[in-house]
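*Asks:* Chains as they are written, first to last, in the numbering used here: chain P, 146 to 450; chain S, 4 to 439; chain C, 24 to 409. Below is the structure I would like to discuss, written out as structure tokens.
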Amino acid sequence: MDRFFDAVFLGLSSGAIYALVALGLVVVFRGTGHLNFAAGEMATFSAYIVWVVTTWTLFGDSALPLWLATIGGMVFGFALGAATEVFIVSPLSKKSPLAVFVALIAILLGINAIDSGRWGPPPSEEIDSLFPNDPDDFVRLFGAVWRWEDIGTLIVTLAASALLFLLFAKTKIGLAMRAVASNPDSSKLVGVPTKLVLAGSWGLSGALAALAGVMVAGSQAQVTPTMMFTIFVYASAAATLGGLDSPIGAVVGGLSIGVVENLAAEFAPGWVGQEMKLSVALLCIFVVLFVKPSGLFGTEKVERV
Amino acid sequence: MTSRSTRVLAVAGASVLAFSVAGLGHAGAGSEEGWTVDTEDCSDPDRANAPIEGTIRIGSSMPLSGGAAAAAFEPAARGLEAYIAYANDNDLVPGYELELTIGDDQYDPALTPGVVNGLIDDGVDVFAGIIGTQNNLAVRDTLNEECIPQLNVLAGDPRFGEVEEYPWTTGLLTSYEYEYGAYAQDIAANFPDSTVGLFYVNSEFGNISIDNFKAAAEEAGLEIVAEETVELGDEAPPQAQVSSLAEEAPEVLVTVPLGAGCISFLNELANAKAANEWEPVVYMTNTCAGSALILGAAGENADGVYTSAAMGLVDVSNPEVAATEPVAGYIAEMEAQGLGDIITTGGAGWNAGEVTVAVLLDALESPDGLTQASIINAARNLDFRPTLLREGMNYSMNGEEDAFYSQDVQVGQYNVADGFYTDIGEIISFESTPAE
Amino acid sequence: MPVKVHWGSPGHWAIRLVWLAATIAVVVYIPTRTQPGTINDMTTALELAAVAMALNLVMGYGGLISLGHSAYFGLGAYTMAVLVDHYGWTQGWTLYIAAVFGFVVGCLTSLPALRLKGVYLALTSIALAVLFPQLVKWQKLEWLTDGARGIDDLQYDEIPVWPILGELDGRRGRAVWMYWLAVIVAVLSYLVCRGIVKSRVGRSLVAIRDNETAAAVMGVNRARTQTIVYGLSAAMTAVAGALFGIGLNGVNPDLRYFTLIGSITFVVIMVIGGGATLWGPIVGAFLYVLVESRTRKWGADSSGVVGALFGWLNSSPATLILAVVFIVLMFVAPFGIVGLLKRLAAKVIVIVPNPAGTRSNVPPVEEGLDPSIDEPFLSASPEETP
Chain P
146 MDRFFDAVFL GLSSGAIYAL VALGLVVVFR GTGHLNFAAG EMATFSAYIV
196 WVVTTWTLFG DSALPLWLAT IGGMVFGFAL GAATEVFIVS PLSKKSPLAV
246 FVALIAILLG INAIDSGRWG PPPSEEIDSL FPNDPDDFVR LFGAVWRWED
296 IGTLIVTLAA SALLFLLFAK TKIGLAMRAV ASNPDSSKLV GVPTKLVLAG
346 SWGLSGALAA LAGVMVAGSQ AQVTPTMMFT IFVYASAAAT LGGLDSPIGA
396 VVGGLSIGVV ENLAAEFAPG WVGQEMKLSV ALLCIFVVLF VKPSGLFGTE
446 KVERV
Chain S
4 MTSRSTRVLA VAGASVLAFS VAGLGHAGAG SEEGWTVDTE DCSDPDRANA
54 PIEGTIRIGS SMPLSGGAAA AAFEPAARGL EAYIAYANDN DLVPGYELEL
104 TIGDDQYDPA LTPGVVNGLI DDGVDVFAGI IGTQNNLAVR DTLNEECIPQ
154 LNVLAGDPRF GEVEEYPWTT GLLTSYEYEY GAYAQDIAAN FPDSTVGLFY
204 VNSEFGNISI DNFKAAAEEA GLEIVAEETV ELGDEAPPQA QVSSLAEEAP
254 EVLVTVPLGA GCISFLNELA NAKAANEWEP VVYMTNTCAG SALILGAAGE
304 NADGVYTSAA MGLVDVSNPE VAATEPVAGY IAEMEAQGLG DIITTGGAGW
354 NAGEVTVAVL LDALESPDGL TQASIINAAR NLDFRPTLLR EGMNYSMNGE
404 EDAFYSQDVQ VGQYNVADGF YTDIGEIISF ESTPAE
Chain C
24 MPVKVHWGSP GHWAIRLVWL AATIAVVVYI PTRTQPGTIN DMTTALELAA
74 VAMALNLVMG YGGLISLGHS AYFGLGAYTM AVLVDHYGWT QGWTLYIAAV
124 FGFVVGCLTS LPALRLKGVY LALTSIALAV LFPQLVKWQK LEWLTDGARG
174 IDDLQYDEIP VWPILGELDG RRGRAVWMYW LAVIVAVLSY LVCRGIVKSR
224 VGRSLVAIRD NETAAAVMGV NRARTQTIVY GLSAAMTAVA GALFGIGLNG
274 VNPDLRYFTL IGSITFVVIM VIGGGATLWG PIVGAFLYVL VESRTRKWGA
324 DSSGVVGALF GWLNSSPATL ILAVVFIVLM FVAPFGIVGL LKRLAAKVIV
374 IVPNPAGTRS NVPPVEEGLD PSIDEPFLSA SPEETP
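See the structure below:
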């Protein structure tokens with residue numbers, strides 16, 4: 146039974162990361178109808194910036210505390226996302242949606258090249274975790290081990306989702322975002338600063354990605370250039386599963402994928418095992434989409450003829 | 004144990020004799036007596052036997068950009084460039100300028116033929132230090148058909164010793180057969196009757212390495228009780244794999260992770276050790292564990308890891324070793340070229356460069372002068388001690404009887420407190436004897 | 024004022040002949056006058072062109088996003104490898120089987136397209152691309168695929184003797200042989216694409232892309248059309264993949280063109296060259312290979328302008344430069360290079376379709392000169408209905 150909970154706890158933690166990145170994808174999709182293919186790389190870039198900041202020694206000899214650097218990283222991520230929207234996505238989406246896709250891929254490749262080139266091969270970029278991460282920092286629950294780091298990741302993700310929910314439901318900014326998402330022209334007429342809102346959506350996505358990036362780097366104890374590749378695939382699976390315009394869907398999708406894949410790997414070692422974990426996640430999408438083509442919590446698009 | 008010591012002594016003795024007989028420097032066997040390549044089936048035998056004048060063009064294909072694996076191997080490229088620059092600055096090959104071009108194949112075997120063919124078109128005379136088993140296999144047929152030496156392949160697959168079918172291809176890395184054979188022998192000797200668990204990256208490199216270990220383990224009578232893998236692109240810490248291993252709690256772990264995964268694995272292992280009552284002994288591939296720089300990043304968690312000296316090279320991170328003459332010279336040269344941060348990881352490339360130049364010098368001194376054919380002849384008859392090679396070891400090949408340079412393995416253990424390795428036991432030698 | 028040339032007139036034929044002659048000249052020039060390495064690069068370009076053309080059917084004309092074509096490419100390559108390695112087939116014959124398997128798998132994977140729209144479809148195709156290497160490495164299929172180790176040593180030993188050129192030595196002979204095979208595959212792909220685009224299936228496809236409900240009302244069978252097109256697209260891609268595997272003398276699951284990165288590359292090639300045009304994918308493929316073959320020799324310390332601009336990067340700046348080029352191209356030519364060229368050419372010369380009733384009742388669907396085909400096929404979301 147403890148193997149079961151081992152898998153569940155691990156699944157919740159990796160699922161939390163998927164959910165966080167998926168949240169970013171959902172925010173962008175809701176706001177602008179595009180998929181942020183460069184989300185993974187933005188996360189990595191922001192994590193490197195956070196690392197750079199931690200190497201600065203300010204105020205004498207002490208370095209900046211990690212949590213402060215992370216906030217700085219999130220600000221950087223916000224700026225990166227917003228800049229992408231303003232300079233690349235907006236101008237190109239008027240011309241052709243495929244052009245937007247290629248441009249985002251180019252950004253993905255470009256950022257990756259910069260990361261790999263500037264900060265080179267491991268093991269140079271060591272970074273701590275935001276949470277206590279010594280070997281004995283864990284709790285025992287139902288006979289299984291749950292590390293503080295994993296608990297922390299989950300809590301942060303849930304907190305971020307809750308904040309996002311509050312943003313959308315209770316604030317004017319959130320209202321503006323929802324307005325622009327559902328009807329940009331009318332929103333413009335009513336006086337909603339659409340350009341700002343669009344940039345803000347992407348910025349928010351960048352900030353969430355940055356947070357995810359820092360947590361991922363912390364869990365590996367180092368920042369590496371390709372750390373978010375596979376996670377991006379998982380996150381898009383999670384967002385798809387949950388419905389691309391549903392933040393709840395992103396979180397539910399992410400956590401479920403994390404848990405299901407780890408359970409499958411644990412309890413079906415012959416058929417699934419660690420090698421085919423990702424395939425299980427992908428097959429989940431196929432199954433869910435077959436039954437609900439817009440994802441579990443997504444809204445069906447109604448087209449007027 | 005005794006028979007191995009005898010073999011080591013025999014090899015050492017033979018080398019000493021060879022050194023003294025042939026004089027100082029490169030003790031290459033004369034090509035009148037040694038193995039020679041048959042250039043009749045070459046696509047252009049005239050070119051293969053034509054003298055090379057003025058500039059020796061050396062080509063290579065290495066990962067200079069790309070994903071995780073590329074990042075792990077890129078310092079080797081800089082090491083190779085450093086040595087060739089050093090060789091040119093000091094006119095090591097008299098009368099010749101060495102021109103090195105390294106193409107970027109991003110560690111993808113689909114791109115290597117493009118790089119290599121392009122370089123062949125550009126008139127490269129010899130290839131050296133191509134990285135990656137699949138990468139080298141992808142171009143091996145072409146290079147052998149064209150009779151262009153493919154020297155010092157930086158991959159450890161035993162297939163690079165196939166002299167009869169691929170005479171123009173020679174390997175430099177210690178064959179995985181020997182590396183993992185040595186670990187198996189060491190485990191059987193020092194941890195007898197232990198259960199063994201395996202952990203490796205599910206790529207061609209990981210699979211072939213583990214295949215070789217399994218074969219050696221069977222011979223040594225070791226019992227394998229657990230086996231876990233991690234996917235090549237998956238950089239997440241292998242938490243699930245390690246906790247599965249913890250379930251079986253093998254006493255010894257033989258691991259083949261890659262790049263940053265080496266550090267993640269050790270960190271996860273520390274977590275699992277703390278959560279369970281488990282203190283396994285860890286053996287790790289020398290591709291990552293051979294570098295104190297990489298293990299250093301895992302801090303405490305890397306303490307006590309067993310590995311071996313990659314290609315039999317000395318441990319540059321050991322201050323005592325670094326102070327000895329030839330090694331100090333290497334470090335000084337690297338620092339002069341601005342590569343002080345990769346003296347450990349760049350060593351593989353430096354070594355490849357040094358062995359290549361040694362081969363070129365032997366070929367130059369041969370009766371046929373410097374031709375592509377004489378280069379591969381020299382390579383296959385080489386008897387040489389590179390700067391960074393350990394005492395008691397030698398690089399030698401002998402035509403069809405001995406197709407590997409590095410057949411001696413020195414198992415070592417990493418010490419966090421020191422920051423470098425301690426030798427464990429004697430050199431385990433797999434040196435082929437004529438009788439085999 | 025643009026010159027007007029009537030469709031089917033002698034002027035039109037002259038243009039076509041010149042174009043054909045130029046193409047033949049280039050195609051023949053390459054194997055006879057260039058180095059084997061360059062020939063090999065051109066072969067790769069042809070293979071990528073075939074894939075991009077196949078992708079163009081589904082994505083450009085069909086409006087269905089597919090980031091899963093790397094799976095078909097890999098399927099073709101592995102079909103070839105397994106048949107040659109396990110069953111002793113000769114390489115050439117495996118191309119046919121690759122086409123058949125590709126078609127079948129393509130039809131099967133068209134099922135999501137029937138239910139899903141837009142980005143959701145894109146994401147399931149991503150799933151397909153990621154699934155393929157995983158399946159190849161699957162324990163249960165290791166008996167077939169050799170898992171992560173890959174299948175190698177598939178060298179084709181005999182090189183045919185060419186009638187005019189005579190017997191060529193190993194490297195050049197092999198290069199030329201692969202090149203002509205690739206030319207045949209690319210030409211066939213082009214003809215198939217052209218045939219489809221100009222046929223009823225092609226028109227149905229475009230109709231579905233532009234307005235599905237209207238198309239349904241007009242009697243277009245969406246399921247059948249999409250399935251056939253997916254099948255053919257996958258078949259062409261699989262053949263190109265098999266060819267690629269033959270050139271490489273082996274396969275392994277981590278090769279870039281068999282993974283998601285490969286799919287992305289195919290889409291980028293198609294868009295850069297020009298989606299929904301017949302020549303766009305070809306131009307895109309050649310451009311990509313040209314840039315790639317130039318930049319791969321830039322080591323870590325390139326000199327000159329490149330070194331000055333990119334010295335702070337410790338590795339090869341090739342990918343970064345490629346990325347910048349892509350972005351610039353998207354601003355300058357969002358419909359691809361061929362799209363741009365066509366717009367420019369339209370200022371000089373216009374091919375006028377014949378009025379209804381003179382040659383045929385339906386104006387011919389000319390490649391890309393019919394503006395409705397070059398229009399973006401997804402309206403810029405969110406929906407602009409007030």
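Glycine included, C-beta positions come from ideal geometry on N, C-alpha and C. Since we're looking at a predicted model, the values are computed, not measured.
Nearest chain S C-beta to P/P370 closer than 8 angstroms, yes or no?
*Replies:* Yes, P/P370 lies at the interface with chain S (some Cβ there is under 8 angstroms from its Cβ).
*Asks:* Could you tell me if P/F154 is buried or exposed, where buried requires 16 or more neighbouring beta carbons within 10 angstroms of its beta carbon?
*Replies:* With 16 or more other Cβ atoms within 10 Å, it is buried.
*Asks:* Could you work out which residues of chain P lie near C/W30, taking near to mean beta carbons separated by less than 9 angstroms?
*Replies:* Ordered by position in chain P, no residue passes the 9 angstroms Cβ test against C/W30, which lies about 27 angstroms from the chain.
*Asks:* Tell me, please, whether the CB atom of P/S381 is closer than 8 angstroms to any CB atom in chain S?
*Replies:* With 8 angstroms as the cut-off, P/S381 does not count as an interface residue toward chain S.
*Asks:* With a cut-off of 8 angstroms, does the C-beta of S/A379 fall near any C-beta of chain P?
*Replies:* Residue identity differs from the one stated: residue 379 of chain S is Ile in this sequence, not Ala. Not one chain P Cβ lies under 8 angstroms of S/I379.
*Asks:* Helix, strand or coil: how does DSSP classify S/G174 here?
*Replies:* In this structure, S/G174 counts as strand in the three-state DSSP scheme.
*Asks:* Closer than 8 angstroms, Cβ to Cβ, to anything on chain P: give me those residues from the region 264-295 of chain C, in chain order.
*Replies:* Answer set for the region 264-295 of chain C: L283, I287, V290, V291, V294, I295.
*Asks:* Would you mind listing the alpha helix (DSSP H) stretches within the region 129-216 of chain C that are 4+ residues and don't spill past its ends, in chain order?
*Replies:* Runs of the alpha helix (DSSP H) inside the region 129-216 of chain C: 134-138, 141-160, 165-168.
*Asks:* Taking the beta strand (DSSP E) that S/L101 falls in, what are its first and last residues?
*Replies:* Run containing S/L101: 100-107, per the beta strand (DSSP E) assignment.
*Asks:* According to DSSP, simplified to helix, strand and coil, what is S/G57?
*Replies:* If DSSP states are grouped into helix, strand and coil, S/G57 belongs with coil.
*Asks:* Could you please give the first and the last residue of the uninterrupted alpha helix (DSSP H) stretch that includes P/F190?
*Replies:* It spans 184-200 - the alpha helix (DSSP H) in which P/F190 sits, taken as one unbroken run.
*Asks:* With a 10 Å radius around its C-beta and 16 neighbouring C-beta atoms as the bar for buried, classify P/R285 as buried or exposed.
*Replies:* P/R285 should be labelled exposed.
*Asks:* Just the Cα atoms here: how many angstroms apart are C/V290 and C/L134?
*Replies:* Approximately 21 angstroms, taken between the alpha carbons.
*Asks:* Measure from the C-beta of S/P253 to each C-beta in chain A and report whether the shortest distance is under 8 angstroms.
*Replies:* Of the chains in the structure shown, none is chain A; the protein chains are P, S and C.
*Asks:* Who are the Cβ neighbours of S/Y186 in its own chain at under 8 angstroms, not counting the five residues just before and after it?
*Replies:* So the list reads F216, A219, V257, Y286, Y309, S311, V414, once near-sequence residues are dropped.
*Asks:* On the CB-based measure, 16 or more other CB atoms within 10 Å of its CB, does C/R194 come out buried or exposed?
*Replies:* Classification of C/R194: buried, given that the 10 Å Cβ count is 16 or more.
*Asks:* Let me know if P/K422 comes out buried or exposed under the rule of 16 or more other beta-carbons within 10 Å of its beta-carbon.
*Replies:* That one is buried.
*Asks:* Distance check for S/M337 and S/H29, CA to CA, integer angstroms please.
*Replies:* Caution applies to S/H29, whose pLDDT of 36 falls short of 50 and renders its modelled position unreliable; the value that the coordinates give is listed next. Their Cα atoms are separated by approximately 23 angstroms.
*Asks:* Taking Cβ to Cβ, would you say C/P304 is nearer than 8 angstroms to C/I292?
*Replies:* A contact, by the Cβ cut-off of 8 angstroms.
*Asks:* Step through the CB atoms of chain S and report whether any lies within less than 8 angstroms of the CB of C/K163.
*Replies:* It does not; no Cβ of chain S falls within 8 angstroms.
*Asks:* Between the Cα of S/T173 and those of S/D421, S/L140, S/I427, spot the shortest distance and give me the residue it belongs to.
*Replies:* Looking at the Cα atoms, S/L140 is the closest of the given residues.
*Asks:* Below 8 angstroms on the Cβ atoms is my contact criterion, and I expect P/A410 with S/A243 to pass it. Report the Cβ-Cβ distance as a whole number of Å.
*Replies:* Contact holds; Cβ gap of about 6 angstroms.
*Asks:* C/V127 to C/G91, Cα distance in whole Å?
*Replies:* Using only the alpha carbons, I get a separation of about 15 angstroms.
*Asks:* Name the chain S residues whose beta carbon is nearer than 7 angstroms to that of P/V290?
*Replies:* Under the 7 angstroms cutoff, chain S gives A278.
*Asks:* Kindly indicate the opening and closing residues of the alpha helix (DSSP H) around S/T232.
*Replies:* No alpha helix (DSSP H) holds S/T232; the beta strand (DSSP E) holding it covers 226-233.
*Asks:* Run through chain C and tell me which residues come within less than 8 angstroms of S/D124, C-beta to C-beta.
*Replies:* Those are Q58, P59, G60, T61, listed as they occur along chain C.
*Asks:* Smallest Cα separation from C/Q178: which of C/G273, C/R279, C/E165?
*Replies:* Of the candidates C/G273, C/R279, C/E165, the one whose C-alpha sits nearest the C-alpha of C/Q178 is C/G273.
*Asks:* Runs of 3 residues minimum, wholly inside the region 366-431 of chain P: which ones carry the beta strand (DSSP E) assignment?
*Replies:* You should have found no qualifying run.
*Asks:* Since C/Q178 meets chain S, which of its residues come closer than 7 angstroms, beta carbon to beta carbon?
*Replies:* Chain S residues near C/Q178: D144.
*Asks:* Since P/L213 is in the alpha helix (DSSP H), which residue starts that stretch and which ends it?
*Replies:* Unbroken alpha helix (DSSP H) run through P/L213: 211-228.
*Asks:* Spell out whether any CB of chain C is found under 8 angstroms from the CB atom of P/E420.
*Replies:* Closer than 8 angstroms to some Cβ of chain C, the Cβ of P/E420 qualifies, so yes.
*Asks:* Can you say whether P/E271 is buried or exposed, counting buried as having 16 or more other CB atoms within 10 angstroms of its CB?
*Replies:* Classification of P/E271: buried, given that the 10 Å Cβ count is 16 or more.
*Asks:* Examine chain P for any beta-carbon lying closer than 8 angstroms to the beta-carbon of C/R217, and answer yes or no.
*Replies:* So, not an interface residue.
*Asks:* State the beta-bridge partners of S/I213 as determined by DSSP.
*Replies:* BP columns for S/I213 are empty, so no partner.
*Asks:* If P/G156 sits next to P/E406, beta carbons under 8 angstroms apart, how far is it from one beta carbon to the other, in whole angstroms?
*Replies:* Right, the Cβ-Cβ distance comes to about 7 angstroms (below 8 angstroms), so this counts as a contact.
*Asks:* From the DSSP secondary-structure annotation, give me the bridge partner or partners of C/K221.
*Replies:* Answer is none; C/K221 lacks a bridge partner.
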